[in-house]
Every structure is written in structure tokens, then in C-alpha cells.
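Q: If you use the working numbering, the sequence shown closes out at 448, no skipped numbers anywhere.
The C-beta atom is built at its ideal place from N, Cα and C for all residues, glycine as well.
Structure in C-alpha cells, see below.
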Amino acid sequence: MDRFRVVANGINTDIFHPLPSEPRLDDHIMVTNSADTPLKGLRFLIEAVSTIRKSRPIHLTVIGAPKKDGDIDRLVRSLGPQDYITFTGRIADEDFPRFYARTTLAVVPSIYEGFGLPAGEAMACRVPVISTTGGALPEVVGDAGVLVPPGDAKALESAIIDLLDDPERRERLAQEGYDRVKKHFTWDNTARQVVEVYREAIEAYTAGRSTRRDSATVAGGYQEALDAHG
219 MDRFRVVANG INTDIFHPLP SEPRLDDHIM VTNSADTPLK GLRFLIEAVS TIRKSRPIHL
279 TVIGAPKKDG DIDRLVRSLG PQDYITFTGR IADEDFPRFY ARTTLAVVPS IYEGFGLPAG
339 EAMACRVPVI STTGGALPEV VGDAGVLVPP GDAKALESAI IDLLDDPERR ERLAQEGYDR
399 VKKHFTWDNT ARQVVEVYRE AIEAYTAGRS TRRDSATVAG GYQEALDAHG
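Below, the structure written as C-alpha cells:
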């Protein structure tokens, strides 16, 4: 029996779900980010957005806040007027769907992710996703989003422009992402997989004990036969 099983984290679809009654905004991007954690790659997204801003009225909402005088704070201030970037600060989980519902698309610019909850949560809210290929993100996003190399502001810029200019593709990816989460990443699905792993482990352990017991019986009988003819 294969001794390894991979069970993905679950997305809480009781919280993260579509809100079709909320009006979706044009040219609006959202990112959930620990702003001053370099591995989250926010710098590259801000650089991409600042370039796009020169040709279209794009807006970036960052769920979180930069550390005062930290790398991201200094970067944003160096770009001059920053009315096109909004930092929300910390928000409650229950508020995420409202922000997602209003955004045109979500971006996950991470250099590395061990799983990629922000991508899964955006997909659960039926929002099209652009993500890097850092860490486990391709396993979460699959073919239901746009994947770009990590640490590449130009690649993010190109992917964002292409998706903003293609509403039909956005709609298709939004639905495919939502379907992917419902099929693979709900907590119900995760729980079923965990139960299955335990079941397999118990069956393997029970079968192993039975085999060892049968072997001991055979060995004991063989020894008795030797003693009888000794």
C-alpha cells in the first residue's frame, strides 16, 4: 500500500461564496496579502499596477496594511499619488465575500505558497484568479485561472491587461474556479478524504496483524512437528 496520501486544506464555503447582488466594479483588482512578507510578492503586483495605471484607470485593493516605513510603504510612497491603491487594514472573514464580489479579478502574486488559501477563497467567491506558479498554487488553481511565473511584474502586467480586456474569459474562469473549489476543496470533501485515509490505515494494520498471527501459528506448528520427531 502507498504510505503517503495528500489531503488538501478545505475552503470554508459557508463564509466564502458568491454575492451576486453586489455590483462588480470595472478595472478593479483585489489581493489578500501580508504586505511586508517578501514571499507574498506584493511588490511585483504594485509595480505591475503602477505601470497599467498609466494607460487605464485601474484600482488595486489590498486586504491588509503595510508596516509604517516598511518596504511596501516606501515603495507606494515612491510612486507618488496613490489614490489608485487602497489598503483596507484587517477585516473580518465575513467581510471578504463583499470585497470579492465587487472586484473584477483577484491576483495572488506570491513567490511561494504552502497551499494558497487566497486563491481558493477567491475562486469560491466566483472571482477569476491570476496566480503565480509559486509553491502549491498550481495545484489549487489548476486550469481554472491564469498562471504566471513568480517574481515577474511584467508577466503580471500582461496577464492583468489580457484578462481585463476579455470579459468572456473572465466569466468562464470565474465559473471554472468556483466549480473546482466545490469539487475538490470544500471542508466536506477534505473530511471525507481524511476518513478514507484512516480507513485504509486501519485495514492495513488489521491485515498486517492477521498475517503476523498466521505466520506465528505456522512456525509454532512446524516447531511442534520437529519436537515430536526429535
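#1: On the criterion of 16 or more Cβ atoms from any shown chain inside 10 Å, does serine 328 qualify as buried, or is it exposed?
#2: Only counting runs of 4 or more residues, tell me where the alpha helix (DSSP H) segments fall wholly within the region 319-371, in order along the chain.
#3: Using only CA atoms, which one of Ser239, Arg221, Asn227 lies nearest to glycine 332?
#4: Tell me, to the nearest whole angstrom, how far the beta carbon of isoleucine 348 is from that of leucine 382; I am working on the premise that it is less than 8 angstroms.
#5: Identify, in the order they occur along the chain, each residue of the same chain with its Cβ nearer than 6 angstroms to the Cβ of leucine 335, setting aside the five sequence neighbours on each side.
#6: With H, G and I counted as helix, E and B as strand and the rest as coil, what does DSSP make of histidine 235?
#7: Could you check if lysine 258 is buried or exposed, using at least 16 other CB atoms within 10 Å of its CB as the buried criterion?
#8: Look up glycine 395 in the DSSP assignment and say whether it is helix, strand or coil.
#9: Mind checking whether glycine 363 and leucine 323 have CB atoms under 7 angstroms apart?
#10: Suppose only complete runs of 3+ residues qualify. What are the beta strand (DSSP E) ranges in the region 278-316, listed by chain order?
#11: So, do the region 307-327 and the region 235-247 have three or more beta carbon pairs nearer to each other than 8 angstroms?
#12: Using the beta-carbon count (16 or more within 10 Å), is threonine 279 buried or exposed?
#13: Phenylalanine 305 and leucine 374: beta carbons closer than 7 angstroms?
#14: Hey, quick one: how far does the alpha helix (DSSP H) through isoleucine 264 stretch, first residue to last?
#15: Are the CB atoms of leucine 243 and serine 268 nearer to each other than 7 angstroms?
#16: Considering only their Cβ atoms, is the gap separating glutamate 386 from alanine 319 smaller than 7 angstroms?
#17: In the DSSP assignment, find the beta strand (DSSP E) that holds threonine 250 and state where it starts and stops.
#18: Would you grab the beta carbon distance between alanine 283 and isoleucine 378 for me? Rounded to a whole angstrom, and I think it's under 8 angstroms.
#19: Confirm, please, whether the CB-CB distance from threonine 404 to threonine 231 is below 7 angstroms.
A: Reading it off the structure:
#1: Residue mapping note: residue 328 aligns to position 110 of the sequence shown, counting from 1. Under this definition serine 328 is a buried residue.
#2: Whole alpha helix (DSSP H) segments, 4+ residues: 335-342, 355-359.
#3: Numbered from its first residue, the sequence shown carries residue 332 at position 114. When each option's Cα is compared against that of glycine 332, the closest is Asn227.
#4: Locating residue 348 in the sequence shown gives position 130, counting from the first residue. Locating residue 382 in the sequence shown gives position 164, counting from the first residue. Actually they do not touch by this definition, with Cβ atoms about 10 angstroms apart.
#5: Counted from its first residue, the sequence shown places residue 335 at position 117. The answer is none, since no qualifying residue turns up.
#6: On the sequence shown, residue 235 is found 17 positions in, with the first residue counted as 1. Coil.
#7: In the sequence shown, counting from the first residue as 1, residue 258 sits at position 40. Buried, because 16 or more other Cβ atoms sit within 10 Å of the Cβ of lysine 258.
#8: Here residue 395 refers to the residue found at position 177 of the sequence shown. Here glycine 395 carries a helix assignment [DSSP, helix/strand/coil].
#9: Along the sequence shown, read from residue 1 onward, the residue named residue 363 stands at position 145. Along the sequence shown, read from residue 1 onward, the residue named residue 323 stands at position 105. Going by C-beta atoms, glycine 363 is not nearer than 7 angstroms to leucine 323.
#10: 303-305
#11: yes
#12: Against the sequence shown, residue 279 aligns to sequence position 61. Result: buried.
#13: As a first step, residue 305 is located in the sequence shown; it is residue number 87 there, counting from the start. As a first step, residue 374 is located in the sequence shown; it is residue number 156 there, counting from the start. Their beta carbons are not under 7 angstroms apart, which means phenylalanine 305 does not touch leucine 374 by this criterion.
#14: Within the sequence shown, the letter at position 46 stands for residue 264. Note, isoleucine 264: alpha helix (DSSP H), 260-270.
#15: Here residue 243 is taken as the residue at index 25 of the sequence shown, counted from 1. Here residue 268 is taken as the residue at index 50 of the sequence shown, counted from 1. No, they are not a contact pair.
#16: Translated into positions along the sequence shown, residue 319 becomes position 101. Translated into positions along the sequence shown, residue 386 becomes position 168. For alanine 319 and glutamate 386, no; Cβs fall outside 7 angstroms.
#17: Within the sequence shown, the letter at position 32 stands for residue 250. Per DSSP, threonine 250 belongs to the beta strand (DSSP E) from 246-250.
#18: What you label residue 283 is simply residue 65 of the sequence shown in a count that begins at 1. What you label residue 378 is simply residue 160 of the sequence shown in a count that begins at 1. Contact doesn't hold; Cβ gap of about 22 angstroms is too wide.
#19: Looking up residue 231 in the sequence shown gives position 13. Looking up residue 404 in the sequence shown gives position 186. A contact, by the Cβ cut-off of 7 angstroms.
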